[in-house]
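Enquirer: Quick note: the UniProt record's numbering has the sequence shown finishing at residue 630, numbered continuously throughout.
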Amino acid sequence: MRSRAFGWFGVFVLSAHAGDRAELVSPDGKNTLALIRAVDGAWSYEIKRSGKSVLLPSPLGLKSDAGDFTHDLRWISESQVERRRESYKLPWGPPVDQAHRRKQVILENPEGSRLAWEMDVSNQGVAFRYRILGRGSATLEDERTGFVLPSEAKGWMSPYNRSAAESPAYEDYYFPVVPGQMPPFSRGGETRGWYFPALWNTGDSWLLMAEVGGDWGSHFAATSVDGSYQLEFPFADETTQGIDLGKEVRPSGQLPWALPWRVFVLGDRAGDLATSSFVTDLAEPSQVSDGRWIRPGRAFWDWWSHPEAATKSVRTRRCLGGVEFAHEMGWEYAVLDAGWWEADLDGIRRAAQKADIRLIGWTHANDFYDEHRRNRKLDELKALGFSGVKIDFWCSDRQPTHEAMLATLKATAERQLVVSFHGCTIPRGWQRTWPHLLTAEAVLGTESYMFDDRYPEKSAQLHTLLPFTRNVMAPMDQTPFGLASKRYRRLNSAAHELAAAVVFQTGLLSYADSPDRYRILPPEVLEVMRDLPVEWEEIRWLGAEPGELVVVAKRAGKTWWIGAMNGSTTSREVALNLAELSPNGEGMGVFEGPEPLDSFHIQKLERGSRSWNRTIPPRGGWLLRWGEAP
Numbered sequence: 001m002r003s004r005a006f007g008w009f010g011v012f013v014l015s016a017h018a019g020d021r022a023e024l025v026s027p028d029g030k031n032t033l034a035l036i037r038a039v040d041g042a043w044s045y046e047i048k049r050s051g052k053s054v055l056l057p058s059p060l061g062l063k064s065d066a067g068d069f070t071h072d073l074r075w076i077s078e079s080q081v082e083r084r085r086e087s088y089k090l091p092w093g094p095p096v097d098q099a100h101r102r103k104q105v106i107l108e109n110p111e112g113s114r115l116a117w118e119m120d121v122s123n124q125g126v127a128f129r130y131r132i133l134g135r136g137s138a139t140l141e142d143e144r145t146g147f148v149l150p151s152e153a154k155g156w157m158s159p160y161n162r163s164a165a166e167s168p169a170y171e172d173y174y175f176p177v178v179p180g181q182m183p184p185f186s187r188g189g190e191t192r193g194w195y196f197p198a199l200w201n202t203g204d205s206w207l208l209m210a211e212v213g214g215d216w217g218s219h220f221a222a223t224s225v226d227g228s229y230q231l232e233f234p235f236a237d238e239t240t241q242g243i244d245l246g247k248e249v250r251p252s253g254q255l256p257w258a259l260p261w262r263v264f265v266l267g268d269r270a271g272d273l274a275t276s277s278f279v280t281d282l283a284e285p286s287q288v289s290d291g292r293w294i295r296p297g298r299a300f301w302d303w304w305s306h307p308e309a310a311t312k313s314v315r316t317r318r319c320l321g322g323v324e325f326a327h328e329m330g331w332e333y334a335v336l337d338a339g340w341w342e343a344d345l346d347g348i349r350r351a352a353q354k355a356d357i358r359l360i361g362w363t364h365a366n367d368f369y370d371e372h373r374r375n376r377k378l379d380e381l382k383a384l385g386f387s388g389v390k391i392d393f394w395c396s397d398r399q400p401t402h403e404a405m406l407a408t409l410k411a412t413a414e415r416q417l418v419v420s421f422h423g424c425t426i427p428r429g430w431q432r433t434w435p436h437l438l439t440a441e442a443v444l445g446t447e448s449y450m451f452d453d454r455y456p457e458k459s460a461q462l463h464t465l466l467p468f469t470r471n472v473m474a475p476m477d478q479t480p481f482g483l484a485s486k487r488y489r490r491l492n493s494a495a496h497e498l499a500a501a502v503v504f505q506t507g508l509l510s511y512a513d514s515p516d517r518y519r520i521l522p523p524e525v526l527e528v529m530r531d532l533p534v535e536w537e538e539i540r541w542l543g544a545e546p547g548e549l550v551v552v553a554k555r556a557g558k559t560w561w562i563g564a565m566n567g568s569t570t571s572r573e574v575a576l577n578l579a580e581l582s583p584n585g586e587g588m589g590v591f592e593g594p595e596p597l598d599s600f601h602i603q604k605l606e607r608g609s610r611s612w613n614r615t616i617p618p619r620g621g622w623l624l625r626w627g628e629a630p
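Below, the structure is given as structure tokens:
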């Protein structure tokens with residue numbers, strides 16, 4: 001469904017002097033976004049929640065070849081308030097119905113060029129963007145937007161990695177920070193800034209800073225100026241392998257040109273951020289007129305268990321075994337990773353068609369910049385029988401890369417191919433505009449047990465941060481539940497890894513391990529994997545302590561699936577009131593067995609049970625199924 005505007009009402013200027021200040025307040029009265037003119041003529045913005053500052057007055061402005069909008073801007077006009085309702089549903093998530101308020105202020109520089117400052121607020125957050133007015137085209141030279149946090153704020157940020165064949169790809173840890181802190185050396189060594197999004201707690205409020213819309217990606221600069229985080233464009237050495245993007249990193253567009261939304265998701269609790277739809281509320285409505293072909297689902301994935309090269313017969317046997325296992329489990333997809341072209345694809349396709357399993361094929365991003373080459377590749381994959389594409393190694397936030405990704409989403413929609421992006425930027429609300437984007441990587445997933453020696457130690461903490469950071473932005477292909485031994489030995493319990501399948505939100509749930517490894521699991525665990533859906537009608541966060549503990553309950557039909565993950569190195573007590581979810585329910589809990597890394601304990605819950613009380617060990621977790629019997 002599209003967003004709906006309900007017209008204009010009343011001028012909403014809360015200022016003693018019109019032209020010096022404009023405010024916009026959320027429908028519940030809690031969130032306030034203000035535009036402020038200082039005595040020296042500089043402009044800033046401020047964000048408050050429940051009357052307390054979440055972001056202190058922070059600088060505004062930009063430079064472009066269409067005008068310098070950094071100083072001496074004259075107030076021209078302020079619009080009335082537009083009342084909007086964002087009503088839609090993503091294929092894998094609960095329905096969304098959020099009230100928004102929107103307005104704009106037009107400013108003029110001394111040369112007569114004009115800039116609109118557009119504001120949007122809802123009960124879930126505030127946002128603003130610039131729109132450069134006029135005709136013709138413009139190139140952005142510098143965006144001066146700053147972000148000044150209260151000194152007592154504490155946050156979590158992820159460093160922007162240096163450019164390499166597989167970077168930047170939003171694949172790093174979140175580090176605890178204070179305002180103005182420099183990024184650490186991390187994966188790949190030197191880092192050059194901070195990725196979006198950034199998570200902050202200001203005492204009474206939680207805040208997620210994000211970016212939505214546009215066709216390039218910004219990031220926070222490594223150094224702050226007087227405690228103010230600044231924005232930077234992508235670097236000139238960011239590129240997709242085999243593609244020459246040139247040296248120009250400054251974005252350009254046609255006037256009137258709307259720049260990306262600067263987004264601030266707000267809540268009293270961290271769980272408010274995890275359930276927020278504010279990011280997609282700001283995105284363009286769906287461009288897919290009839291999305292009945294878009295099918296979220298669960299998937300066998302062939303790469304994690306066998307990343308090594310193989311002969312045609314061995315690779316074919318593994319893929320056929322995966323299709324067979326997906327059919328046994330009632331799953332919808334099989335993801336064939338790099339090297340599928342060396343297998344007997346005709347035989348695999350016939351087996352998949354017989355089993356009603358849809359195939360998703362891996363391919364490299366360098367085929368998707370040129371329109372002719374992109375269309376040829378997609379037509380080829382469609383003709384081979386694939387129902388979706390997994391496109392890997394984009395590794396850039398530059399404008400040509402984002403443009404290619406967005407053009408690919410349009411082209412795949414025209415061919416009714418679902419999409420998984422890997423080695424990529426975080427989608428910036430794209431999943432609303434193109435709901436066949438079932439998932440994207442942009443995360444340190446289970447494959448990191450092969451590549452990063454810190455992952456075993458840091459992954460549990462990371463898992464309890466992702467629901468409030470990366471996963472707020474878009475569905476996330478973390479590829480959970482890899483149990484087999486890899487280069488770096490897993491420290492999380494097997495139950496913790498299983499719980500990830502519930503905790504993380506995705507439209508394509510790709511299980512990491514092999515059919516042989518899964519078949520030796522207890523039948524109750526296989527039952528969970530067989531029945532666990534990816535489409536949800538309701539989501540409640542029952543425990544939300546970023547970096548420490550997550551407990552989330554998701555409902556499909558009359559059944560609640562509850563996942564808990566301990567991200568700390570100490571035990572945690574968790575008590576649930578099951579009657580609040582389903583007073584006449586029954587179910588089953590799966591948690592650590594006597595050998596936590598490899599075994600499970602199963603506990604049946606009788607009908608009418610009132611509570612579930614468990615101690616979660618360090619790096620542990622559990623999964624609970626609870627509800628009325630069909």
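Glycine is no exception: its CB is placed at the ideal position from the N, C-alpha and C atoms.
Fully enclosed by the stretch 67-135, which beta strand (DSSP E) runs are 3 residues long or longer?
Expert: Listed in chain order, the complete beta strand (DSSP E) runs (minimum 3 residues) inside the stretch 67-135 are 67-69, 74-78, 81-88, 96-108, 114-122 and 125-132.
Enquirer: Are the CB atoms of Trp206 and Gly267 within a distance shorter than 8 Å?
Expert: Yes, the pair counts as a contact, with Cβ atoms nearer than the cut-off.
Enquirer: How many Å lie between Gly627 and Glu586 at the Cα?
Expert: The alpha-carbon atoms of Gly627 and Glu586 are separated by roughly 6 Å.
Enquirer: Determine the DSSP secondary structure at Pro184, reduced to helix, strand or coil.
Expert: In this structure, Pro184 counts as coil in the three-state DSSP scheme.
Enquirer: Could you compute how far the alpha carbon of Leu409 sits from the alpha carbon of Lys604?
Expert: Their Cα atoms are separated by approximately 44 Å.
Enquirer: Where does Asp477 land, buried or exposed, given buried means 16+ other C-beta within 10 angstroms?
Expert: So Asp477 counts as buried.
Enquirer: Alpha carbon to alpha carbon, how far is Tyr449 from Ser485?
Expert: Cα to Cα, the separation comes out at about 9 Å.
Enquirer: From Val314, Arg374, His327 and Ser44, pick the residue whose C-alpha is nearest to that of Leu345; which is it?
Expert: The residue with the shortest Cα to Cα distance from Leu345 is Val314.
Enquirer: I'd like to check one pair, His402 with Gly217: are the Cβ atoms closer than 8 Å?
Expert: In this structure, His402 lies closer than 8 Å to Gly217 by Cβ.
Enquirer: Secondary structure at His436, three-state DSSP: helix, strand or coil?
Expert: Correct three-state label for His436: coil.
Enquirer: Could you tell me how far apart the beta carbons of Leu623 and Val528 are, in whole angstroms, since I believe they sit closer than 8 Å?
Expert: That belief holds up - the Cβ atoms of Leu623 and Val528 are roughly 6 Å apart, short of 8 Å.
Enquirer: Closest to Arg597 by CA distance: which of Arg530, Leu521 and Ser163 is it?
Expert: The amino acid occupying residue 597 in the given sequence is Leu; Arg does not appear at that position. Ranking the options by Cα distance to Leu597, first place goes to Leu521.
Enquirer: Rank Leu437, Lys354, Ser277 and Gly482 by C-alpha distance to the C-alpha of Ser305 and give the top, closest one.
Expert: Comparing Cα-Cα distances from Ser305 to each of Leu437, Lys354, Ser277 and Gly482, the minimum goes to Gly482.
Enquirer: Give the secondary structure of Gly388 by DSSP, where H, G and I count as helix, E and B as strand, and everything else as coil.
Expert: Strand.
Enquirer: Buried or exposed: Ala413, going by 16 or more other Cβ atoms within 10 Å of its Cβ?
Expert: That one is buried.
Enquirer: Which residue or residues does DSSP assign as beta-bridge partners of Arg37?
Expert: Beta-bridge pairing links Arg37 to Trp43.
Enquirer: Grab me the residues of Ala352's own chain with a C-beta within less than 8 Å of its C-beta, minus the 5 sequence neighbours each way, in chain order.
Expert: Closer than 8 Å at Cβ, skipping near neighbours: Val323, Ala334, Arg358, Leu359 and Gly385.
Enquirer: Where DSSP assigns a beta bridge to Val552, which residues make up the other side?
Expert: Partner(s): Trp541 and Gly563.
Enquirer: Are the Cβ atoms of Val279 and Ala210 separated by less than 8 Å?
Expert: Contact flag set, yes.
Enquirer: Just mark Asp367 as buried or exposed, buried being the case when its beta carbon has 16 or more other beta carbons within 10 Å.
Expert: When all chains shown are included, Asp367 counts as buried.
Enquirer: Determine, using beta carbons only, whether Tyr369 and Ala404 come nearer to each other than 8 Å.
Expert: Yes, these two residues count as a Cβ contact at 8 Å.
Enquirer: Whole angstroms is fine: what's the gap from Arg85's alpha carbon to Thr239's?
Expert: Distance between the alpha carbons of Arg85 and Thr239 is about 39 Å.
Enquirer: What are the boundary residues of the alpha helix (DSSP H) that includes Leu526?
Expert: It spans Pro523 to Asp531 - the alpha helix (DSSP H) in which Leu526 sits, taken as one unbroken run.
Enquirer: Based on Cα-Cα distance, which residue from Thr559, Glu380, Ala440 and Ile602 lies nearest to Val590?
Expert: Among Thr559, Glu380, Ala440 and Ile602, the Cα nearest to that of Val590 is on Ile602.
Enquirer: Using C-beta distances below 8 Å, list every residue in its chain close to Leu255, excluding the 5 sequence neighbours before and after it, in chain order.
Expert: The residues are Ala66, Ile132, Leu133, Gly134, Arg135, Gly136, Ser137 and Ala138.
Enquirer: Beta-carbon separation of Glu342 and Lys377 under 8 Å?
Expert: No, these two residues do not count as a Cβ contact at 8 Å.
Enquirer: Helix, strand or coil, according to DSSP, for Ile294 in the structure here?
Expert: DSSP places Ile294 in coil when its eight states are reduced to three.
Enquirer: Within 10 Å of its beta-carbon, does Thr469 have 16 or more other beta-carbons around it, so buried, or fewer, so exposed?
Expert: Its Cβ being crowded by 16 or more others within 10 Å, Thr469 is buried.
Enquirer: Starting from the N-terminal side, write out each stretch of the beta strand (DSSP E) that is 3 residues or longer and does not extend beyond the stretch 310-369.
Expert: Runs of the beta strand (DSSP E) inside the stretch 310-369: 333-336 and 358-364.
Enquirer: Please classify Phe185: is it buried, with 16 or more other beta-carbons within 10 angstroms of its beta-carbon, or exposed?
Expert: Burial call: exposed.
Enquirer: With a threshold of 16 other CB atoms inside 10 Å of the CB of His17, please say whether the residue is buried or exposed.
Expert: Unreliable positioning characterises His17 in this predicted model, as indicated by a pLDDT of 45, which lies under 50. A coordinate reading is not provided.
Enquirer: Taking the beta carbon of Met182 as the centre, do at least 16 other beta carbons fall within 10 Å, making it buried, or is it exposed?
Expert: Classification of Met182: exposed, given that the 10 Å Cβ count is below 16.
Enquirer: Go ahead and pull the three-state DSSP assignment for Ala460.
Expert: If DSSP states are grouped into helix, strand and coil, Ala460 belongs with the helices.
Enquirer: Relative to the C-alpha of Ser58, which residue among Ala575, Ser77, Ala283 and Gly146 is closest?
Expert: Looking at the Cα atoms, Gly146 is the closest of the given residues.
Enquirer: Could you tell me how far apart the beta carbons of Glu441 and Phe421 are, in whole angstroms, since I believe they sit closer than 8 Å?
Expert: Glu441 to Phe421, Cβ: 7 Å. Contact.
Enquirer: Would you tell me roughly how many angstroms separate the C-alpha atoms of Gln124 and Arg349, rounded to the nearest one?
Expert: Cα to Cα, Gln124 sits roughly 45 Å from Arg349.
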